[in-house]
Structures are given as structure tokens and as C-alpha cells.
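Residue numbers (our numbering): 3 to 207.
Backbone N, C-alpha and C define an ideal beta-carbon position, used for all residues, glycine too.
Just so it is clear, the structure is predicted and the values come from calculations on it, not from any experiment.
Have a look at the structure below, then the notes.
Okay, structure coming up:
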């Protein structure tokens, strides 16, 4: 079975030789994690906890979520994590606190849509032996409109042209269309956490 993903395709477009080494020859690429990647993963963990607990009718307070965030940050932080800019680890940690606070205040009580999946791990079947990995941060619906939600912690504001040409969520929309036959409309939605803004896009058939 051949399995593709957004990261695999991006690697191929970036450097075909790198793709061969990593995905064909199976060469392990050693590399230190960056603080940006670490920050993003910790913020994603907070939102995963938020929405999973809501499924069990437990609404975390903002204080609860910030405590959870700082606990996992302190537990998992290592001095091997690379900081390339002239800021400290604590500067990045505080950025994450602001992202979580802004999001919480913006969307609480988090009942705008029905949550169908959190950090999903599924496959889009392109043919009998070719599949595409689908990893959606949060999949929601409101009636027959489905929302593919993606959290972004970077300091680059995605503009409309970039959103309309984005492949990752567009591929995920094919999965949603195939899985949920009642979907009349599929909205691609990026939460740009550094700006407390949403960017939305859609795709024609």
C-alpha cells in the first residue's frame, strides 16, 4: 500500500533527493526540534484537551488550561530545543499563554458547532492501493455545513490567496465529502492564533 501525506508531498517539492533518502531509502534524518515546533505542539495539546473534555461535559476554565499548558511545557522542555531568534524560551511560553487566552475568550462556551473529530488520524482512499493521510486538528459541523479547522501558531498571517491555494486542507475536504454524504458545504478554516483571526476558504468540485 502506498501512503502519501501533506508532509511527504512538501518534502518532494522541496527536494526530490531528500524525499528519496527519507521515504524511499528510509534514512533516519536526525535533527533538533525548534522552539516554534515545540510551542505549536503544546498549544495543540491544550485544545485537544479542551474539546475532548467537553465531550464528557467537562468545561475547563482558562486557569485550568493555562496550568495544563505550563505543566506540559515544563515537563517536556529540553535544552536541545533550538531557538534561532533573539528571544528566550520564556518569551515563547508566554506567547502560547496569549494564544490560549485569546482563543478561550473568543470562542467560549465552545458551542458554536458540533465537534466530530479531534486530532483525527484517517485515510483518504485515492485508489485500491494508494491512500492519503488525513490529520485534522478539529472537524466540526453545523447542520450540513462541515468545518475543517486548523490551528496556526506562526507569526505569518495567511492571506486569502494563500488560503485559496492551500493543498493540505483541500485534500482533507475530499475525505470529508467522501465520509459524510450529507455535507452540502465544506469550509476550510484556519485559526491564526497570533492574530486572533480566522481565515476561511472553500473548494469547488
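Nearest neighbour of residue 142 by Cα position, chosen from 166, 185 and 197, turns out to be 185.
Excluding sequence positions up to five before and after residue 103, its CB lies within less than 8 angstroms of the CB of 64 and 68, all in the same chain and listed in chain order. For the pair of segments examined, the region 87-99 was found not to touch the region 9-21: the number of CB pairs separated by less than 8 angstroms stays below three. Segment contact: the region 149-158 against the region 185-196, three or more CB-CB distances shorter than 8 angstroms; contact assigned. Secondary structure at residue 135: strand, using DSSP grouped into helix, strand and coil. The C-alpha of residue 13 is placed about 38 angstroms away from the C-alpha of residue 66. DSSP, read as helix, strand or coil, puts residue 116 in strand.
Note that the C-beta distance between residue 8 and residue 170 is below 8 angstroms. CA-CA distance, residue 99 to residue 71, rounds to 8 angstroms. Annotation: the continuous alpha helix (DSSP H) that includes residue 75 extends over 64-78. The distance from the Cβ of residue 50 to that of residue 120 is about 6 angstroms, consistent with a contact at the 8 angstroms cut-off.
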